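Notes follow once the structure below has been shown.
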Amino acid sequence: MRIAVLARLLDAGEAQVLEALGLMASLGGEAQSLFLGAAAQSSLSAVGEARLGVHPGLDDPEPELAYAAALRLLGDEAPRLLLMPEGPLFEMIGARLGGHYGMGVVRDVDEVQVEGDGIVLRKGAYGGKANVRLRARGGVVAALRAGAFAAADPPAQTPSVVELGNLAEGGQERRTVRDTSGDDLGRAKVIVSGGRGLGSREGYEGLRPFAAMLGASLGASRAAVDEGWASPSQQVGITGRKVAPELYLAIGISGASQHLSGMSGSRLVIAVNRDEHAPIFEAADIGVVADWYQLWPQLQKALEG
Ligand SMILES: Cc1cc2nc3c(=O)[nH]c(=O)nc-3n(C[C@H](O)[C@H](O)[C@H](O)COP(=O)(O)OP(=O)(O)OC[C@H]3O[C@@H](n4cnc5c(N)ncnc54)[C@H](O)[C@@H]3O)c2cc1C
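Residue numbers (my numbering): 6 to 310.
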């Protein structure tokens, strides 16, 4: 069975890509590591055959470009199983690739087994309260949940570089504006997420200096996104991003199951909420019962001092 990992060169060596490579190595079969990037690179960590599709626009590609590049790199015949780390590239093109090649598309995958001729995938369901197993007889594009698989430590290889050339179709130029604000959540070591408890857009924006001091990425609950304080790409949860940082700080977030299922891969969770009965405290390793706006000035002083 042919299996491939498809990822951005930008992410090569990141935990999520190493996990996808680890999974591919453990499944056996014919393996391909496919990367898309803006410039050739002399070596990268890869399992099986390493191929690098190169086009100048691929560092931060528009969806059309990323899609055209992926099609050219994958060729006429897609692998039976295409593994993609959950994140920006999958969000942009995963479903379209599945449609193009007639493959099923499954996201939030945390287990994959090859059983005879079938592929069995496990994914979260009902807000993370249950798992379902799906057996695919045809091809599958699987988006892998961050932190669900053991990372590989593959040797560096010299990839065969595929110059992708002109990817514009029909001479038409299409420009898409893509929201990139949550792009780094998947590989963030520290995430500060804000919820409705922050009370206003200014309140949410006020988390930025805190996040900057910690070198953290900024996430959000769906309520904060619905209020228009944060962008949809920053939403953590069952209908947002699944994240697995070393440290997750939840500020003014109640801890609804739909939010928890997106952050359950976090190693250490610290929650700040003024309601001591907030469900987030059941998921937190450290709970701080406090009003954020009283706590923050003291915290700021301590961090700056
Ligand atoms: C199908 C479906 C999918 C969903 N998907 C998601 C998802 O992906 N992600 C997600 O997050 N949600 C999701 N939700 C929504 C989810 O159910 C909750 O409504 C949402 O997570 C609540 O966001 P919140 O915790 O920010 O707001 P709230 O529930 O309103 O909680 C605000 C919290 O802030 C605290 N607070 C208030 N003021 C302060 C203060 N000054 N200092 C400290 N704490 C304070 C309050 O005590 C409260 O606990 C989904 C819901 C459905 C039905």
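All C-beta atoms, glycine included, are put in the ideal place defined by N, C-alpha and C. Being a predicted model, the structure only gives us computed values, none of them experimental.
If residue i and residue j are in contact, beta carbons under 8 Å, what's the gap, nearest whole angstrom?
| i | j | result |
| --- | --- | --- |
| residue 23 | residue 157 | 5 Å |
| residue 254 | residue 196 | 7 Å |
| residue 297 | residue 257 | 6 Å |
| residue 59 | residue 169 | 6 Å |
| residue 159 | residue 52 | 5 Å |
| residue 94 | residue 71 | 6 Å |
Which word fits residue i, buried or exposed, when buried means at least 16 other C-beta atoms lie within 10 angstroms of its C-beta?
| i | result |
| --- | --- |
| residue 87 | buried |
| residue 308 | exposed |
| residue 264 | buried |
| residue 280 | exposed |
| residue 299 | exposed |
| residue 33 | exposed |
| residue 155 | exposed |
| residue 271 | buried |
| residue 206 | exposed |
Any heavy atom of ligand 1 inside 8 Å of the beta-carbon of residue i?
| i | result |
| --- | --- |
| residue 298 | yes |
| residue 240 | yes |
| residue 263 | yes |
| residue 277 | yes |
| residue 311 | As shown, the chain starts at 6 and ends at 310. That puts residue 311 outside it, with no answer to give. |
| residue 280 | yes |
| residue 269 | no |
| residue 236 | no |
| residue 203 | yes |
| residue 101 | no |
| residue 259 | yes |
| residue 291 | no |
| residue 130 | no |
| residue 311 | Since the displayed the chain opens at 6 and closes at 310, residue 311 lies outside it and no answer follows. |
| residue 227 | yes |
Judging by CA-CA distance, which residue of the options is the nearest neighbour of residue i?
| i | options | result |
| --- | --- | --- |
| residue 150 | 310, 58, 246 | 246 |
| residue 200 | 232, 6, 82 | 232 |
| residue 110 | 263, 242, 148 | 148 |
| residue 230 | 239, 78, 112 | 239 |
| residue 165 | 38, 223, 242, 305 | 38 |
| residue 62 | 20, 52, 171 | 171 |
| residue 269 | 286, 249, 47 | 249 |
task = Could you tell me whether the stretch 137-153 touches the stretch 114-127, using the rule of 3 or more Cβ pairs below 8 Å?
result = yes
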